[in-house]
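Residue numbers (the working numbering): 7 to 184.
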């Protein structure tokens, strides 16, 4: 199923992954991959059901908690997203995607201190992650730490991240006012 997905043959990927789950109802990887396809297609209900099915097989599957968090975040259910990401980092403290997504959810919830803490954890885990650096810059901006935000924004750019020009302009304006 994964090979079909990577080749852009989505209908065939779905058929193969559904068959894999039918043959092995414990196939968490197939559930996760099929859930990702449905999420990409905008079918968050099926994506959620598949990730919950994976958690029923293995409640400590951090990736499924992250995926469920993404679904909640996509639905603007930020508190639920935060709970899912927090569970994922509790299970696997080195899972950078969980820290990056937790940062984003905390930022959406205007929990700036927690967003900065989560972003710093992501940067500590992967100092060369452009996305982690950008998320830290954004979190610091909302916390009012503009000089440090600029430093991390520049590092994100150096690492190849395409920083939103509106963020660049907003940060420059704050630095000019300081």
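Even glycine gets a Cβ: it sits at the ideal position worked out from N, Cα and C.
Backbone secondary structure at residue i - three-state DSSP
i, result
"residue 47", "coil"
"residue 66", "coil"
"residue 5", "Absent from the model: residue 5. The displayed extent of the chain is 7 to 184, so no value can be given."
"residue 154", "helix"
"residue 36", "helix"
"residue 73", "helix"
"residue 172", "helix"
"residue 82", "coil"
"residue 23", "helix"
"residue 167", "coil"
"residue 41", "helix"
Cβ-Cβ separation, residue j to residue i (assumed contact under 8 angstroms), whole Å
i, j, result
"residue 138", "residue 128", "4 angstroms"
"residue 54", "residue 37", "That pair is no contact at about 11 angstroms."
"residue 66", "residue 97", "5 angstroms"
"residue 68", "residue 94", "4 angstroms"
Chain-order list of residues whose beta-carbon lies under 7 angstroms from that of residue i (same chain, five-residue window excluded)
i, result
"residue 103", "72"
"residue 16", "43"
"residue 50", "77, 80, 81"
Own chain residues within Cβ distance below 8 angstroms of residue i, not counting five before or after
i, result
"residue 100", "131"
"residue 79", "87, 107, 110, 111, 114"
Alpha helix (DSSP H) segment containing residue i, residue limits
i, result
"residue 31", "Careful: residue 31 lies outside any alpha helix (DSSP H) and carries neither H nor E."
Beta-carbon proximity list for residue i, same chain, < 6 angstroms, skipping 5 on both sides
i, result
"residue 84", "111, 114, 115"
"residue 181", "152"
Report the residue ranges of all beta strand (DSSP E) runs contained in full by the stretch 114 to 161; include only those spanning at least 3 residues, in chain order.
none
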